[in-house]
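Chemist: Take a look at this one; I'll ask things after.
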Amino acid sequence: EAYHSAHLEALDWVRKTRITVQQCGDCHGEKQATMDKQWKINDIANTLPIGEGLVQKAISASESVFTSTRPEGQEPLRAETRQLNADWDSLRSLITDTQKTLSKCLSAWGDFNDSRERTKTWLSDFQKKVDAETDDGDTKTPEDLERCRALLAEVIAHKPAVEELSDRCEALMELSAYPWVRDQTVQLQSAYTNVLTSVQGLVSRVEKNLSDHTEFLKARQEVEDWLARAHGTVKDCVGSGDLAWARDKLDTIRLVATRITEGQHLMTGMQEVFSRAVNTTPSDQQDSLREAMTALRNSWDQLNMDLNCVTAQLKALVARWEDFNDSRNKLE
1 EAYHSAHLEA LDWVRKTRIT VQQCGDCHGE KQATMDKQWK INDIANTLPI GEGLVQKAIS
61 ASESVFTSTR PEGQEPLRAE TRQLNADWDS LRSLITDTQK TLSKCLSAWG DFNDSRERTK
121 TWLSDFQKKV DAETDDGDTK TPEDLERCRA LLAEVIAHKP AVEELSDRCE ALMELSAYPW
181 VRDQTVQLQS AYTNVLTSVQ GLVSRVEKNL SDHTEFLKAR QEVEDWLARA HGTVKDCVGS
241 GDLAWARDKL DTIRLVATRI TEGQHLMTGM QEVFSRAVNT TPSDQQDSLR EAMTALRNSW
301 DQLNMDLNCV TAQLKALVAR WEDFNDSRNK LE
């Protein structure tokens, strides 16, 4: 009777403890639930000495009964004892395995939360840098481009950290199967993709602004040089001289006139470049471009007026010289 009581007590303790341990073996759910299970399994592990005492008590009782039992009754006793020992060893292994699983899951939680917080903090800080560049308007200096390219290099360099977050998400999902984990990861991945796209667009925009502005400066210089040469040539033709001088200057001024189409082509191209540049220049910086364009138009208009005027003067001078020579020849 003492053996049966001890044996049943030990079996009952092992059975109930196993059920409780099995309830702790599921890591699915949020981190706090897993932590609660870890605390519970550790409490159960602390009660193992109690269970071991009950098992040993049952085994001792079995040994006492064994000597007074007939041979045909001894084998069932041995089988019960072996089964009790097997159940006891299995329970201890189950507790150890459950502790390892819970620890592994909590470690995965720690890794994931660490990556999530670092990525979240970086995105928040980095977005402020992007916003600062965007708030400055359509920048177009080489320094602006250098800063924007540095931002692009930084966001690209952070890609491994985002990939690490994804890996840690998958590792945790295998253990916890908690939808929130994947939702958080997808949200941060999307935020990273958005900021990458934003910075790439910013770099492209600044590069275009710089290109347009540089093209404007180049076209402006080309037109200014052409106008300077044309004005200089026209100015050299102003004055008076003999018939040979007048004819030479008239030929020169006519040469300038034939090149007016070249100047017109440069002015048309200049207008197109100006339109592109002014559209990508902040409003507070557009006045200088407009003033430069106005100065070129005024210079162009002045050239045409001077060209017509000097041409007319030279033609008149040539005509007077020819009339003079005709009259002189008749007198002679």
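The sequence shown begins at 1 in full-length UniProt numbering and counts up one residue at a time.
Idealized CB from N, CA, C, for every residue including glycine.
On a predicted model such as this, the values are computed, not experimentally measured, just so you know.
(1) For the candidate residues 7, 249, 149 and 37, whose alpha-carbon lies nearest to that of residue 85?
(2) Taking C-alpha atoms, which residue in 241, 223, 195 and 211 lies nearest to residue 267?
(3) Residues in the same chain with beta-carbon distance under 8 Å from residue 162, minus the five sequence neighbours each way, listed in chain order, please.
(4) For residue 255, count neighbouring C-beta atoms within 10 Å of its own C-beta (all shown protein chains included) and say buried if the count is 16 or more, exposed if not.
(5) Output the distance between the C-alpha atoms of residue 197 and residue 205, rounded to the nearest integer angstrom.
(6) Run through DSSP, which three-state label would residue 116 get?
(7) Given that a residue counts as buried once 16 or more other Cβ atoms are within 10 Å of its Cβ, and exposed if not, what is residue 381?
(8) Whether or not the region 164 to 182 and the region 23 to 41 are in contact is what I'm after, with contact meaning three or more pairs of Cβ atoms, one per stretch, closer than 8 Å; do they touch?
(9) Report, in whole angstroms, the separation of the C-beta atoms of residue 207 and residue 273, which I expect to be a contact under 8 Å.
(10) For residue 310, name the three-state secondary structure that DSSP assigns.
(11) Applying the 10 Å Cβ sphere with the 16-neighbour rule, what's the burial state of residue 213?
(12) If you follow the alpha helix (DSSP H) that residue 262 is in, where does it begin and where does it stop?
(13) Three or more C-beta pairs closer than 8 Å, one from the region 240 to 248 and one from the region 299 to 308: is that the case here?
(14) Between residue 219 and residue 172, how many whole angstroms is the CB-CB distance? I'm expecting something under 8 Å.
(15) Looking only at its own chain, which residues have a Cβ that is under 7 Å from the Cβ of residue 65, when we skip the five neighbours before and after it?
(16) Classify residue 62: buried if its beta carbon has 16 or more other beta carbons within 10 angstroms, exposed otherwise.
(17) Report back the beta-carbon spacing between residue 307 and residue 257 to the nearest angstrom; my notes put them in contact at under 8 Å.
(18) Between the alpha carbons of residue 250 and residue 200, how many angstroms are there, rounded?
Modeler: According to the data block:
(1) 7
(2) It is 223 whose Cα lies nearest to the Cα of residue 267.
(3) 119, 188, 189 and 192
(4) exposed
(5) 12 Å
(6) helix
(7) No information on residue 381 is available, as it lies outside the stretch 1 to 332 that the chain covers here.
(8) Flag = yes, the region 23 to 41 and the region 164 to 182 touch.
(9) That pair is no contact at about 16 Å.
(10) Residue 310 falls in the helix class under three-state DSSP.
(11) buried
(12) 260 to 279
(13) The region 240 to 248 makes no contact with the region 299 to 308; the number of CB pairs closer than 8 Å stays below 3.
(14) The pair is not a contact, with the Cβ atoms about 59 Å apart (cut-off 8 Å).
(15) 3 and 77
(16) buried
(17) 6 Å
(18) 58 Å
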